[in-house]
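Q: For the sequence shown, the tail end lands on 195 under our numbering, and the numbers increase by one without skipping.
Below is a structure I'd like to ask you about.
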Amino acid sequence: MLNSNSLESFIKDRKAVSELIFDVLTQKISVLDALKQYPKNLSDPTLNAAFHALVHLEADEDLRKNDSLYKDEQDMYLEDIARILAKGDPLPCNVIEEYSKYYKESLIYPNIDKKSVFQRLKKMINL
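Below you can see the structure in the form of structure tokens.
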């Protein structure tokens, strides 16, 4: 169960992420800049799913250039996510589950230093 401080933190972080997503969609900042500014809250599944959606936006760059329909659909999807987060609400369970199927742990780095990056790389290449 969430205490009131945790819930307030989730709501504040969700609203901040909403702004980041809108800034990316309006080309005020790059996806990379948004990911650098992303809250380090690893315990909110909503924030993890939204992070993955942003990562996918960056990964789909070539596809977006060549397929305007795909680009428009992806932009509308991210806009829907941002609108939900702007209210401080959690994302629907189906959205969270869709991303958690593919990612067993959060892609959000709680801190970025040599040790944490090396530990993540070891996990990814099974060392």
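Yeah, the Cβ is synthetic: ideal placement off N, Cα and C, and Gly gets one too.
Distance check for Val99 and Lys75, CA to CA, integer angstroms please.
A: Here residue 75 is Leu; the residue named in the question, Lys, does not match the sequence. Distance between Leu75 and Val99, taken at the CA atoms: about 26 Å.
Q: Return the CA-CA distance between Val92 and Asp148, expressed in angstroms with no decimal places.
A: 14 Å
Q: Tell me the DSSP secondary structure of Ala84 in three-state form.
A: The answer is helix: DSSP assigns Ala84 an H, G or I state.
Q: Does DSSP put Ile89 in a helix, a strand or coil?
A: helix
Q: What would DSSP say about Ser136, mapped onto helix, strand or coil?
A: helix
Q: Using alpha carbons as the reference points, say which of Lys96, Asn109, Ile97, Lys104 lies closest to Ser77.
A: Asn109
Q: So, helix, strand or coil for Gln105, using DSSP?
A: helix
Q: Among residues of its own chain, excluding the 5 on either side of Leu153, which ones have a beta-carbon nearer than 6 Å to its beta-carbon?
A: Excluding positions up to five away in sequence, the list reads Arg82, Val85, Ser86.
Q: Here's a check: name, in chain order, each residue in its chain whose Cβ is nearer than 6 Å to the Cβ of Ile89, leaving out the five neighbours to either side.
A: Leu146, Ala150
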